[in-house]
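Colleague:
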Amino acid sequence: MHKLTLTYFDFPGGRAEPARLAMILGGIEFEDFRFPFDQFNKVKEQSPLKQVPTLNVDGRQVTQCNAINRFVGKLAGLYPQDNYQALLCDEIMDAIEEITHKIVATFGLAGEKQKLAREALVKGPLTQYLEWAQSRLAEQGGEYFVEQRLTMADLKIFVWIRSLNSGHLDHIPSSLVADIAPKLNEHMQRIAKTPAIAAYYSS
Ligand SMILES: N[C@@H](CCC(=O)N[C@@H](CS)C(=O)NCC(=O)O)C(=O)O
7 MHKLTLTYFD FPGGRAEPAR LAMILGGIEF EDFRFPFDQF NKVKEQSPLK QVPTLNVDGR
67 QVTQCNAINR FVGKLAGLYP QDNYQALLCD EIMDAIEEIT HKIVATFGLA GEKQKLAREA
127 LVKGPLTQYL EWAQSRLAEQ GGEYFVEQRL TMADLKIFVW IRSLNSGHLD HIPSSLVADI
187 APKLNEHMQR IAKTPAIAAY YSS
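Residue numbering for the sequence shown follows the numbering used here, starting at 7 and increasing by one per position.
1. Determine the direct distance from the alpha carbon of Ile102 to that of Ser208, and round the result to whole angstroms.
2. May I ask whether a heavy atom of ligand 1 can be found less than 7 Å away from the beta carbon of Gln1?
3. Roughly how many whole angstroms lie between the Cα atoms of Arg21 and Pro59?
4. Report, in whole angstroms, the separation of the C-beta atoms of Gly79 and Thr157, which I expect to be a contact under 8 Å.
5. Quick test of the definition: if touching needs 3 or more C-beta pairs under 8 Å, does the region 40–54 touch the region 90–101?
6. What do you reckon, is the C-beta of Cys95 under 7 Å from a heavy atom of ligand 1?
7. Should Lys108 be listed as close to ligand 1, given that the test is whether its C-beta is under 7 Å from any heavy atom?
8. What does the Cβ neighbour count give for Asp110, buried or exposed, with the cut at 16 atoms within 10 Å?
9. Give the list of continuous beta strand (DSSP E) stretches no shorter than 3 residues that lie fully inside the region 11–47.
10. Quick one: complete alpha helix (DSSP H) runs, 4+ long, within the region 124–168?
11. Indicate whether Leu10 and Glu37 have their beta-carbon atoms separated by less than 8 Å.
12. Less than 8 Å between the C-beta atoms of Ala187 and Leu136, yes or no?
13. Quick one: what's Arg76 bridged to in DSSP?
14. Shorter than 7 Å, the distance from the beta carbon of Gly20 to the closest heavy atom of ligand 1, or not?
15. Taking only heavy atoms of ligand 1 into account, decide whether any of them is closer than 7 Å to the Cβ of Asn72.
16. Helix, strand or coil for Val58, going by three-state DSSP, please let me know.
17. Is the beta carbon of Lys3 within less than 7 Å of some heavy atom of ligand 1?
Pasting the structure below:
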């Protein structure tokens, strides 16, 4: 058994949330080290690439959220053993990372520049990725993204859809998912009812 510490901001979302959920679902013992935003510079000093999340595994600091997701997914039984199913799971996780990078690229913009950049994202890549993910879900039968069971792919997309719906991002309408890919909202609501996930968000 590994000694695990997950380090990330103290909010129920973002790049560490799928790993947190996986470890909770899988009953994996870990330290959930959450820090407030104003401590970020201090935490970065301990991070090899000056970024979070990190997973400390038996004393070694590991970076890259999807690598962490695969690792904890395997520990929790939430990552496919079959190579092809694992590929489909990775594809979903990496696509969400890719679109996240496009959104993060607008964080440094202000005013009209940010508005134009985000409107272009909504019309272009965000619509494209949402439609694509919805069609992938439909191909798999509509309930789960891979293997007809809950895997890391579902957790990754669940966290992303919650964040898009939150309305926290100016110029990205909180109705976007409902308008473009309503089946992803149904998926998100279904995953949210998983007892361990429902208990986590209500606590
Ligand atoms: N490729 C990394 C990206 C991690 C990343 O960019 N994390 C953000 C926070 S969500 C960060 O620490 N950024 C560094 C900074 O803002 O200085 C991963 O997959 O984990």
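Glycine residues also receive a C-beta, built at the ideal position from the N, C-alpha and C atoms. On a predicted model such as this, the values are computed, not experimentally measured, just so you know.
Modeller: Well, looking at it:
1. For the purposes of this step, residue 208 is taken as residue 202 along the sequence shown, with counting starting at 1. For the purposes of this step, residue 102 is taken as residue 96 along the sequence shown, with counting starting at 1. If you take the alpha carbons of Ser208 and Ile102, they lie about 25 Å apart.
2. The structure shown does not extend to residue 1, since the chain is modelled only from 7 to 209, so the question has no answer here.
3. For the purposes of this step, residue 21 is identified with residue 15 of the sequence shown, where counting begins at 1. For the purposes of this step, residue 59 is identified with residue 53 of the sequence shown, where counting begins at 1. Rounded to the nearest angstrom, the two C-alpha atoms are 7 Å apart.
4. Numbered from 1 along the sequence shown, position 73 holds the residue referred to as residue 79. Numbered from 1 along the sequence shown, position 151 holds the residue referred to as residue 157. Yes, Gly79 and Thr157 are in contact; Cβ-Cβ is about 7 Å, under 8 Å.
5. no
6. The residue labelled residue 95 in the question sits at position 89 within the sequence shown. No, Cβ of Cys95 sits at least 7 Å from all heavy atoms of ligand 1.
7. Taking the first residue of the sequence shown as position 1, residue 108 is located at position 102. Incorrect: Lys108 has no Cβ contact closer than 7 Å to ligand 1.
8. The sequence position of residue 110 within the sequence shown is 104, counting from 1. Per the sequence shown, residue 110 should be read as Val rather than Asp. Exposed is the call here.
9. 37–41
10. 133–145
11. Taking the sequence shown and counting its residues from 1, one reaches residue 10 at position 4. Taking the sequence shown and counting its residues from 1, one reaches residue 37 at position 31. Their beta carbons are under 8 Å apart, which means Leu10 touches Glu37 by this criterion.
12. As a position in the sequence shown, residue 187 is number 181, starting the count at 1. As a position in the sequence shown, residue 136 is number 130, starting the count at 1. Yes; because the gap between Cβ atoms is below 8 Å, this pair is in contact.
13. Taking the first residue of the sequence shown as 1, we reach residue 76 at position 70. According to DSSP, Arg76 bridges with nothing at all.
14. On the sequence shown, position 14 is the one that residue 20 refers to. Gly20 Cβ: within cutoff of ligand 1.
15. Position 66 of the sequence shown, counted from the first residue, corresponds to residue 72. For ligand 1, at least one heavy atom lies less than 7 Å from the Cβ of Asn72.
16. Position 52 of the sequence shown, counting from 1, holds the residue named residue 58. Val58: coil per DSSP, three-state reduction.
17. Only positions 7 to 209 of the chain appear in the structure, and residue 3 is not among them; the question remains open.
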